[in-house]
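Visitor: Add 41 to a position in the sequence shown, counting from 1, and you land on the number used in my numbering.
Cβ coordinates follow ideal geometry from the N, Cα and C atoms, glycine included.
Can you read through this structure? Questions will come right after.
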Amino acid sequence: MAGTTWENLGLPGQPNSAIWTGSVPASAPETVFAASRYGYLYRRDGDGDSWRKLWREFGEVSSVLWVPQS
């Protein structure tokens, strides 16, 4: 069952502010996104044991919405 246990994986480098939001897309439950308040976006896929910082940075993030491409 997903979420039965958690492990601190750490992020690749220091975020520029507090991690403000997270998202697990219903259509891709193996993918997790996290974002700092001031624009860093991180992604974890599958059973991966690490996060990666995405190249795009934003001015401010209050939520994350993932839209799959068809």
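1. In terms of alpha-carbon separation, which member of Pro70, Lys94, Asp88, Gln110 lies closest to serine 77?
2. Please tell me whether tyrosine 83 and leucine 106 are closer than 7 Å, where the distance is taken between their beta carbons.
3. Spatial neighbours of glycine 87 within its chain, please: CB distance less than 6 Å, with the 5 preceding and 5 following residues excluded, ordered by chain position.
4. Would you mind working out which of Ser111, Glu48, Gly54, Ala59 sits nearest valine 102, comparing C-alpha positions?
5. Could you pull out every unbroken beta strand (DSSP E) segment of at least 3 residues lying fully inside the segment 54 to 79, listed in chain order?
6. Give me, in chain order, the residues of the same chain whose beta-carbon lies closer than 7 Å to that of proline 66; leave out the 5 immediate sequence neighbours on both sides.
Guide: Reading off the structure:
1. Taking the sequence shown and counting its residues from 1, one reaches residue 77 at position 36. Closest by alpha carbon: Lys94.
2. For the purposes of this step, residue 83 is taken as residue 42 along the sequence shown, with counting starting at 1. For the purposes of this step, residue 106 is taken as residue 65 along the sequence shown, with counting starting at 1. Their beta carbons are not under 7 Å apart, which means tyrosine 83 does not touch leucine 106 by this criterion.
3. Reading the sequence shown from its first residue, position 46 is the one you call residue 87. The residues are Glu71.
4. Counted from its first residue, the sequence shown places residue 102 at position 61. Per the Cα distances, Ala59.
5. 60 to 64, 72 to 77
6. As a first step, residue 66 must be located in the sequence shown, where it is residue number 25. For proline 66, where only same-chain residues beyond five positions count, the Cβ hits under 7 Å are Thr72, Trp107.
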